[in-house]
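The structure under discussion appears below in the form of structure tokens.
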Amino acid sequence: MIQYDAFDAIRDNALERLKEFSAHIESGGYSWSPMHEAAKLGRTELLKYILAQRFVDINDEFEIGEPDDFRRGTALTEALLNGHVETAVFLIEQGANVNAEYYGYENTHCLGLEFEESGNCLTLALATGNSELIRLIKPFE
């Protein structure tokens with residue numbers, strides 16, 4: 002239940018409230034974590050706090066959903082899928098793996114990609130059309 006309180010704080014963009022639950026923020030084991038939620042919602046300041054506390058590995062992967070509504074990725078792929086350029090740049094600068102791959106049915110439509118899409122961070126950066134993201138990711142491909 003405490004994890005849900007941390008997720009609520011992230012959804013509300015409430016750093017002080019998130020700090021109340023910080024001892025319970027963790028990730029690993031392919032589970033959806035507060036870090037992934039913050040990246041998905043573009044909550045860069047909250048991500049800075051989460052990563053500074055060393056609660057999670059920036060490259061932790063998640064797998065969520067049912068067979069017909071499934072997603073796999075990282076905090077960086079979530080930021081890219083949801084068009085949060087500032088958050089994606091921050092994650093890259095902090096060492097996020099730009100070769101991380103994503104797969105999913107649910108979120109990929111937001112960038113005009115086909116459902117049941119898979120690819121990597123460059124695919125997502127190209128879909129955003131953001132030259133800064135492409136410039137940051139391209140050298141690693």
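The sequence shown lines up with residues 2 to 142 when you count with our numbering.
Note that the Cβ used here is the ideal one computed from N, Cα and C, for glycine as well.
Legend entry - Phe63 in three-state terms, based on DSSP: Reading the sequence shown from its first residue, position 62 is the one you call residue 63. DSSP places Phe63 in strand when its eight states are reduced to three.
Legend entry - Close beta carbons around Ile65, own chain, < 7 angstroms, minus the five adjacent residues each side: As a working note, residue 65 is residue 64 in the sequence shown. These residues qualify, in order along the chain: Trp33, Arg72.
Legend entry - Local conformation of Arg72 per DSSP, three classes: Here residue 72 refers to the residue found at position 71 of the sequence shown. Arg72 falls in the strand class under three-state DSSP.
Inset, instruction - Express the C-alpha separation of Leu16 and Gly120 in angstroms, rounding to a whole number. - result: As a position in the sequence shown, residue 120 is number 119, starting the count at 1. As a position in the sequence shown, residue 16 is number 15, starting the count at 1. Cα to Cα, Gly120 sits roughly 32 angstroms from Leu16.
Legend entry - Beta-bridge pairing of Tyr103 - partner residues as DSSP gives them: Numbered from 1 along the sequence shown, position 102 holds the residue referred to as residue 103. DSSP lists Gly120 as partners of Tyr103.
Legend entry - Nearest to Phe63 (by Cα), restricted to the options Pro140, Arg12, Ala40, Lys49: Here residue 63 corresponds to residue number 62 of the sequence shown, with the count starting at 1. The residue with the shortest Cα to Cα distance from Phe63 is Ala40.
Inset, instruction - Report the three-state DSSP secondary structure of Thr129 (helix, strand or coil). - result: As a first step, residue 129 is located in the sequence shown; it is residue number 128 there, counting from the start. Helix, per DSSP.
Legend entry - Test item: CB-CB of Leu42 and Arg12 under 8 angstroms: Here the question's residue 42 lines up with position 41 in the sequence shown. Here the question's residue 12 lines up with position 11 in the sequence shown. Cβ atoms of Leu42 and Arg12: closer than 8 angstroms.
Legend entry - Distance between Asp9 and Gly96 (C-alpha atoms, nearest Å): Taking the sequence shown and counting its residues from 1, one reaches residue 96 at position 95. Taking the sequence shown and counting its residues from 1, one reaches residue 9 at position 8. So the alpha carbons of these two residues sit roughly 26 angstroms apart.
Inset, instruction - Look at the alpha carbon of Thr129 and the alpha carbon of Lys20, and state the distance between them as a whole number of angstroms. - result: Looking up residue 129 in the sequence shown gives position 128. Looking up residue 20 in the sequence shown gives position 19. A straight-line Cα-Cα distance of about 32 angstroms links Thr129 and Lys20.
Legend entry - Proximal residues to Ile51 (C-beta, below 7 angstroms), its chain only, five neighbours per side dropped: Within the sequence shown, the letter at position 50 stands for residue 51. The residues are Ile26, Pro35, Met36, Ala39, Val57.
Inset, instruction - Express the C-alpha separation of Leu77 and Asn131 in angstroms, rounding to a whole number. - result: Translated into positions along the sequence shown, residue 131 becomes position 130. Translated into positions along the sequence shown, residue 77 becomes position 76. Approximately 15 angstroms between the Cα atoms of the pair.
Legend entry - Neighbour-count burial assignment, Ala53, 16 or more Cβ in a 10 Å radius: The residue given as residue 53 occupies position 52 in the sequence shown. Label assigned to Ala53: exposed.
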